[in-house]
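Following: one structure in structure tokens, then a few remarks.
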Amino acid sequence: MNLTLWQAILLALLQGFTELFPISSLGHTVIVPGLLNWGDLVHDERFLPFITALHLGTSIALVIYFWRDWLQVCKTLFTSIKEANVQVGTESWVSWLIIIGCIPAALLGVFLEKPLKSLFASPIIAATFLIVNGILLFIGEWWRRRNLKKLQSMPAKEQEILSRPLKSLKWWEAILIGFAQSLALIPGISRSGATMVAALGAKLSHEDAAHFSFLLGTPLIGAAALLEVPQLFHVSATIMGIILLGMVLSGIMAFLSTKFLMRYFQTGRLDPFGYYCIAAGAVSLVLFTLVIK
54 MNLTLWQAIL LALLQGFTEL FPISSLGHTV IVPGLLNWGD LVHDERFLPF
104 ITALHLGTSI ALVIYFWRDW LQVCKTLFTS IKEANVQVGT ESWVSWLIII
154 GCIPAALLGV FLEKPLKSLF ASPIIAATFL IVNGILLFIG EWWRRRNLKK
204 LQSMPAKEQE ILSRPLKSLK WWEAILIGFA QSLALIPGIS RSGATMVAAL
254 GAKLSHEDAA HFSFLLGTPL IGAAALLEVP QLFHVSATIM GIILLGMVLS
304 GIMAFLSTKF LMRYFQTGRL DPFGYYCIAA GAVSLVLFTL VIK
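Mapping the sequence shown onto our numbering, position 71 (from 1) lands on 124, and the numbers just tick up by one.
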């Protein structure tokens, strides 16, 4: 595998930073190597497993950051299975919502593996869908503002309807949010962005939408790692060391990004990320079509 230390460091920091921001980490890890003319690396059959390993680093960081949540998830799942009783609208229900929400992306990822991998090799497609992602973020921000406007003119009891807690989600709403998450199988579409927009459409609060989005991605990243990362077991010790360093750096960057975003999304808006995605996608398209051959 023709992977240098500096390539690994750049891609690791890029992956860790963009994984939780709603700007598509996968899209950036396709577009940036294309802009830097790293064709030999991108077309290596082990490039996708390497990117998946970086995702695993961010996933481990998320487990560490939300360890209390995951401990609660494991406890409530064990209890509800043991007692054969699932109570909708409780904290234990949140654990099942995470599992239900992962189903669509898991199934689509398995059945559409080959065509999705072909998309991964096209920076032009990634740049195009980055623009689409920006439009989705504008839609999500419009939903948030509309709900906020309604909240300000409603009595307290009616406000609860338009600012639901996560545990109030129905199973079919979790499925719909899961389908939104599956859009991130396309490079350029942000997983966190798509799931947050869908969660806002289900009238979750901004903070709960972000929280659910961050929790929802961890099992899928772990499952993808089980499938892809073993392809890296036969690389040289030097390359493996570089990959492990990349995973650590990606995890550290993701941890810091999560800490910032959990505060930001208490009051922050999605449209700044939408402007960035549209601008970055448009500039990349111009460069790929007119400059980079």
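Don't be surprised by glycine CBs; every beta carbon is placed ideally from N, CA and C. Quantities reported herein were computed from a predicted structural model and do not represent experimental measurements.
- Could you check what DSSP says for R217 in three-state terms: helix, strand or coil? Assignment of R217 by DSSP, reduced to helix, strand and coil, places it in the strand class.
- Query: At which residue ranges does the segment 241–323 contain complete alpha helix (DSSP H) runs of 4 or more residues, listed in the order of the chain?
  - Reply: For the segment 241–323, whole alpha helix (DSSP H) runs of length 4 or above, ordered along the chain, are 244–254, 259–281 and 290–320.
- Compare the Cα-Cα distances from A276 to each of F318, C155, N186 and V339 and report the closest residue. The shortest C-alpha separation from A276 is found at C155.
- Selection from A114, I76 and D324 that minimises the alpha carbon distance to A179: Of all alpha-carbon atoms in A114, I76 and D324, the one lying nearest the alpha-carbon of A179 is that of I76.
- Message: Less than 7 Å between C-beta atoms, sequence neighbours within five positions excluded: which residues of the same chain meet that for T271?
- Response: Within the same chain, Cβ atoms closer than 7 Å to the Cβ of T271 are found at S112, L115 and V116, the five residues on either side in sequence being excluded.
- Query: Is it buried or exposed for R121, if we count other Cβ within 10 angstroms and need 16 for buried?
  - Reply: Of the other Cβ atoms in all chains shown, fewer than 16 fall within 10 Å of the Cβ of R121; this residue is therefore exposed.
- Item | C-alpha distance - L285 paired with S258, whole-angstrom precision | Rounded to whole angstroms, L285 and S258 show a C-alpha spacing of 41 Å.
- Member of I151, M249, K223 and G334 whose CA lies at the smallest distance from the CA of L269: It is I151 whose Cα lies nearest to the Cα of L269.
- Item | Reduced DSSP category for E98 - H, G, I as helix; E, B as strand; rest coil | In this structure, DSSP gives E98 a state outside helix and strand, which the three-state scheme calls coil.
- Relative to the C-alpha of F119, which residue among L309, L302 and S337 is closest? When only C-alpha atoms are compared, the closest one is L309.
- Could you check which residue in F103, A158, S171 and I184 has the C-alpha nearest to that of V336? Nearest option by C-alpha distance: I184.
- Helix, strand or coil at G142 according to DSSP, with G and I counted as helix: In this structure, G142 counts as coil in the three-state DSSP scheme.
- Give the straight-line distance between the Cα atoms of G69 and V95, rounded to the nearest whole angstrom. The alpha-carbon atoms of G69 and V95 are separated by roughly 19 Å.
- Message: Just to confirm before moving on: does the CB-CB distance between A65 and L314 stay below 8 Å?
- Response: No, the pair does not count as a contact, with Cβ atoms beyond the cut-off.
- Using 10 angstroms around the beta-carbon of H108, count the other beta-carbons present and answer buried if the total reaches 16, otherwise exposed. Buried: at least 16 other Cβ atoms inside 10 Å.
- Task: Kindly indicate the opening and closing residues of the alpha helix (DSSP H) around I62.
- Result: It spans L58 to L73 - the alpha helix (DSSP H) in which I62 sits, taken as one unbroken run.
- Message: Suppose contacts are defined by Cβ-Cβ distances below 8 Å. Is F182 in contact with G241 by that definition?
- Response: Yes, Cβ-Cβ distance for F182 and G241 is below 8 Å.
- Message: Assuming G254 and W196 are in contact, meaning their beta carbons sit under 8 Å apart, how far apart are those beta carbons, in whole angstroms?
- Response: Contact flag correct, Cβ pair sits at about 6 Å.
- Message: Going by beta-carbon coordinates alone, are L165 and L340 separated by less than 8 Å?
- Response: Contact flag unset, no.
- Measuring alpha carbon to alpha carbon, tell me which of I84, I292, P218 and W224 ends up nearest I345. Closest option to I345, Cα to Cα, is I84.
- Pick from G110, Y317 and W59 that is closest to V282, judged by C-alpha positions: Nearest option by C-alpha distance: G110.
- Short Cβ contact (8 Å threshold) for L56 with I292: A contact, by the Cβ cut-off of 8 Å.
- Task: Could you check the C-alpha separation between Q140 and S133 for me, to the nearest Å?
- Result: Their backbone Cα atoms lie some 8 Å apart in a straight line.
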